[in-house]
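Position 173 of the sequence shown, counting from 1, maps to 180 under the working numbering, and the rest follow consecutively.
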Amino acid sequence: KRNNTPKTLIESFRYPRYGIGEISLRMGARIEAENRIFRRARVRTLLHDGSRIMAVLWEDEKGEIRCHEATHYLSSIPITEVVRGLDPPAPPEILAAAERLRFRSLVVVALFFDCPQVTETSWIYFPDPQIGFGRIHEPNNWSRDLVPEGRSCLVFEYFCTAGDEVWSLDDAALVERTLADLSRLDLHPRLPERVIDRCVVRLRNAYPIYEIGFKEPLGRIMRYIRNFSNLTLMGRYGTYKYINMDHSIEMGMKAAENLLGRRHDLLGVDADPAYLEGPPLDSAA
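Encoded structure:
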């Protein structure tokens with residue numbers, strides 16, 4: 008009998024003791040043993056000669072523009088920013104194609120409570136237009152070291168567009184809205200009254216939007232980018248693929264191997280149809 012259980016619906020998984028950021032911190036430590044990482048850097052311009060990227064102009068955390076030259080460039084910034092940052096500019100039809108690709112942004116509200124646990128779940132989704140947030144999770148269910156003893160945390164995710172009404176709300180208003188919706192849910196007795204701290208984070212370009220017809224402008228951009236022999240796109244933002252962290256890490260590792268002579272197809276990293284992040288599996292027996 009065919010197994011129709013999606014791989015995302017697993018009963019258990021491993022999680023870093025002090026949060027998912029541990030993975031990046033460990034990778035960064037290994038890299039910095041022999042190299043340097045520039046943090047809070049924003050790419051401004053990609054200088055090219057039509058077939059190769061010659062240098063990158065980037066802004067450091069002090070606002071100063073710096074120039075970096077390399078033999079190869081691996082990019083995980085949004086593919087649309089790559090196109091808009093090229094100098095000389097990309098052809099008008101490529102710039103127009105970039106305008107047709109959009110990203111969904113994310114606002115995260117974390118509330119901390121004076122109780123050891125609120126739910127027993129990993130994630131809860133809310134497909135309800137009357138509830139502002141679309142998903143919540145409780146990190147302390149994955150690791151008790153993520154919160155102080157006797158405390159708990161709920162993370163509320165608002166799916167939005169940068170610049171819209173939700174994105175533009177100040178932190179206090181977002182927390183107030185979250186508490187109002189939370190009071191309508193029967194998660195835990197008197198939960199809104201037990202808040203002891205809060206935090207709000209805004210993330211641009213969290214999800215590529217698979218609008219009808221998006222493949223045409225994306226394909227046009229990809230074909231154009233292939234003109235640059237020393238530029239590799241990777242990750243969710245860089246390839247405009249709705250992939251998760253595990254796929255992004257795998258893509259980065261294979262991109263590094265390609266620099267050493269391998270010929271991995273990076274766009275085929277998440278080709279396993281049993282890993283459900285898009286259309287549902289065929290239910291036929």
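All C-beta atoms, glycine included, are put in the ideal place defined by N, C-alpha and C.
Since the structure is predicted, the reported quantities are computational estimates derived from the model, not experimental observations.
{"Check": "Validate contact between the stretch 214–221 and the stretch 97–109 using beta carbons, cut 8 Å, 3 pairs", "Outcome": "yes"}
{"Check": "Rounded straight-line distance, which links the Cα of Val182 to that of Cys206", "Outcome": "8 Å"}
{"Check": "Chain-order list of residues whose beta-carbon lies under 6 Å from that of Val276 (same chain, five-residue window excluded)", "Outcome": "His254, Glu257 and Met258"}
{"Check": "Alpha-carbon spacing of Val63 relative to Arg243, whole angstroms", "Outcome": "21 Å"}
{"Check": "Closer than 9 Å to chain D by CB, Thr168", "Outcome": "Absence of chain D from the displayed structure is noted, only one protein chain being present."}
{"Check": "Close Cβ partners of His144 (< 7 Å) along its chain, the five nearest in sequence each way excluded", "Outcome": "Ser129, Trp130 and Val162"}
{"Check": "Of the listed residues Ala48, Ile84 and Ile101, nearest to Lys69 (C-alpha basis)", "Outcome": "Ala48"}
{"Check": "When Ala169, Leu186, Arg227 and Trp174 are compared against Asn212, the one with the closest alpha-carbon", "Outcome": "Ala169"}
{"Check": "Reduced DSSP secondary structure (H/G/I, E/B, other) of Tyr165", "Outcome": "strand"}
{"Check": "For Ser82 and Thr239, the rounded distance between their alpha carbons", "Outcome": "6 Å"}
{"Check": "Alpha helix (DSSP H) segment containing Ala103, residue limits", "Outcome": "Pro99 to Glu106"}
{"Check": "Under the three-state DSSP convention, the category Glu66 falls into", "Outcome": "strand"}
{"Check": "Endpoints, beta strand (DSSP E) assigned at Tyr249", "Outcome": "Tyr249 -> no beta strand (DSSP E), and no H or E assigned at all."}
{"Check": "Cβ shell of Arg227 (< 8 Å), same chain only, five flanking positions each side left out", "Outcome": "Glu100, Ile101 and Ala104"}
{"Check": "Three-state secondary structure assigned by DSSP to Leu81", "Outcome": "strand"}
{"Check": "Leu153 versus Val208: straight-line alpha-carbon distance, rounded", "Outcome": "17 Å"}
{"Check": "Where Ala36 falls: helix, strand or coil (DSSP)", "Outcome": "helix"}
{"Check": "Nearest-angstrom Cα separation, counted from Ile86 out to Glu66", "Outcome": "18 Å"}
{"Check": "Opening and closing residue of the beta strand (DSSP E) in which Ala203 lies", "Outcome": "A small fix is needed here, since residue 203 is Ile in this sequence, not Ala. First-last of the beta strand (DSSP E) with Ile203: Val202 to Pro215."}
{"Check": "One or two residues paired with Ala117 in a DSSP bridge", "Outcome": "Val162 and Cys206"}
{"Check": "Proximity below 9 Å, CB of Met252 to CB of Ile30", "Outcome": "yes"}
{"Check": "N- and C-terminal bounds of the alpha helix (DSSP H) containing Val173", "Outcome": "Glu172 to Ser175"}
{"Check": "Proximity winner among Glu41, Val50 and Tyr247, relative to Ile216 (alpha-carbon distances)", "Outcome": "Tyr247"}
{"Check": "Neighbourhood of Leu113 by C-beta, 8 Å cutoff - its chain only, sequence neighbours within 5 removed", "Outcome": "Glu164, Tyr165, Phe166, Cys167, Arg209, Leu210, Ala213 and Tyr214"}
{"Check": "Candidates Asp121, Ala262 and Leu192, of which the one nearest Asp135 by Cα", "Outcome": "Leu192"}
{"Check": "Reduced DSSP category for Gly275 - H, G, I as helix; E, B as strand; rest coil", "Outcome": "helix"}
{"Check": "Leu266 and His79 closer than 9 Å at C-beta", "Outcome": "yes"}
{"Check": "Cutoff 8 Å; reference Ile27; Cβ partners in own chain excluding five residues on either side", "Outcome": "Met252"}
{"Check": "Rounded straight-line distance, which links the Cα of Gly35 to that of Arg151", "Outcome": "25 Å"}
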